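Put into structure tokens, the structure is as follows:
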């Protein structure tokens, strides 16, 4: 068994930065990625599509996620799946942290 295994708190693995979006890759494989993000209030990602399904899990704060134009308000503990090839966007309603899990296969 690898000796570098450890238990971590997601909230503590990344810090907020003023007027910024910060990311930290947790897992990066051919079959998918797991990335932790921290968004300052008002920051976001403009509408785009991705060729793979992606799950957003809110670790801290509040965000509005739009999928195909329909808004969803998520807060700590909530999750949503953004289907492949559907336009989506994110806007931080408060400072928020999310775990993004993208499945490529």
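Residue numbers (UniProt numbering): 1 to 105.
Glycine residues also receive a C-beta, built at the ideal position from the N, C-alpha and C atoms.
Predicted model, so just to flag it, every value in this text is computed and none were measured.
Practice prompt. Spatial neighbours of residue 40 within its chain, please: CB distance less than 7 Å, with the 5 preceding and 5 following residues excluded, ordered by chain position.
Written response: 16, 17, 18, 19, 20, 92, 95
Worksheet entry | 8 Å Cβ cutoff met for residue 82 and residue 37 | no
Worksheet item: Where does residue 61 land, buried or exposed, given buried means 16+ other C-beta within 10 angstroms?
Response: buried
Worksheet entry | residue 74, buried or exposed, once every other Cβ within 10 Å from all chains shown has been counted against 16 | buried
Practice prompt. Please report how far the alpha carbon of residue 69 lies from the alpha carbon of residue 89, in whole angstroms.
Written response: 9 Å
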